[in-house]
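There are 2 protein chains.
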Amino acid sequence: MIFYHNSVIELVLDEKKYLLKFGQNLRQLRRKSQLTQEHLAIDSDIPINQVGRIERGEINTTVTTLLKISKALKVEIIELFMFK
Amino acid sequence: MIFYHNSVIELVLDEKKYLLKFGQNLRQLRRKSQLTQEHLAIDSDIPINQVGRIERGEINTTVTTLLKISKALKVEIIELFMFK
DNA sequence: TTAAAATAACACATTTATGTGTTTATGATA
DNA sequence: TATCATAAACACATAAATGTGTTATTTTAA
Numbered sequence: 011m012i013f014y015h016n017s018v019i020e021l022v023l024d025e026k027k028y029l030l031k032f033g034q035n036l037r038q039l040r041r042k043s044q045l046t047q048e049h050l051a052i053d054s055d056i057p058i059n060q061v062g063r064i065e066r067g068e069i070n071t072t073v074t075t076l077l078k079i080s081k082a083l084k085v086e087i088i089e090l091f092m093f094k
Numbered sequence: 011m012i013f014y015h016n017s018v019i020e021l022v023l024d025e026k027k028y029l030l031k032f033g034q035n036l037r038q039l040r041r042k043s044q045l046t047q048e049h050l051a052i053d054s055d056i057p058i059n060q061v062g063r064i065e066r067g068e069i070n071t072t073v074t075t076l077l078k079i080s081k082a083l084k085v086e087i088i089e090l091f092m093f094k
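Note that the protein sequences, when read in sequence, are chains A and B. Sequential numbering of the first sequence, starting at 11, is according to the numbering used here. Sequential numbering of the second sequence, starting at 11, is according to the numbering used here.
This is how it looks when you write it as structure tokens:
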């Protein structure tokens with residue numbers, strides 16, 4: 011058994027929530043652009059599974075992946091972070 | 011010997027350049043906040059070496075690390091991407 | 001309701017970010 | 001110069017993103 015301070019647990023939960031919202035926002039932007047996951051994956055040159063995992067908030071993607079996705083969606087990177 | 015298409019090489023160089031500019035911008039924001047790398051590292055709960063590596067554009071950091079840094083700097087994540 | 005398209009859910013290898021620690025270099029200051 | 005603060009540069013282990021492939025499930029449209 012390992013014990014963690016509440017603040018640490020909260021931080022991790024916050025991050026999980028953030029990644030979920032980030033993914034939901036990406037999904038909205040992609041659909042607004044009328045792209046399938048496959049199409050976005052091809053345009054941004056990342057694996058289709060990666061797109062799905064990001065949209066589902068399963069993974070914590072990197073700056074260069076954001077760059078590739080934003081180029082394919084023809085939006086600025088900051089749009090990927092514009093959600094509440 | 012491995013051969014790559016020029017467009018692939020350009021893409022990688024673009025990413026390297028982007029990470030460099032990203033790091034330079036972070037450094038500016040940190041200094042504007044009057045924080046040392048060590049102080050920022052403590053406040054954002056990431057290793058001090060990580061801060062240096064990001065500022066030097068050596069690594070391709072993740073969304074949750076951006077989240078932690080932006081909280082410590084008391085700025086929105088999008089500010090980390092606001093540079094030319 | 002069936003077929004096709006789209007997405008999710010697996011598994012697994014490889015690369016790289018993260019995390020921890022130590023040592024070196026640089027810059028400012030006394 | 002010597003000292004101290006800051007940052008860079010190492011090394012190395014671990015966790016996780018990336019990348020590739022296949023199989024299920026869900027959604028959409030005929």
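Note that CB positions come from ideal geometry on N, CA and C, so glycine has one too.
Between A:F32 and B:V73 a beta carbon distance of about 6 angstroms is seen, short of the 8 angstroms cut, so the two are scored as contacting. Counting only residues of its own chain and dropping the five nearest sequence neighbours on each side, A:S43 has a CB closer than 7 angstroms to the CB of L83. It is roughly 35 angstroms from the alpha-carbon of A:R63 to the alpha-carbon of B:T46. The way I'd put it, the segment 55–71 of chain A does touch the segment 22–37 of chain A; three or more beta-carbon pairs between them come closer than 8 angstroms. Under the three-state reduction of DSSP output, B:T71 falls in the coil class, being neither helix nor strand. Sequence-distant Cβ neighbours of B:I56 in its own chain, meaning closer than 8 angstroms and more than five residues away, are T75, K78, I79.
At least 7 angstroms separates the CB of A:V85 from every CB of chain B. DSSP places A:R63 in the uninterrupted alpha helix (DSSP H) bounded by 58–65. Taking 7 angstroms as the threshold, the shortest C-beta distance from A:N70 to chain B falls below it.
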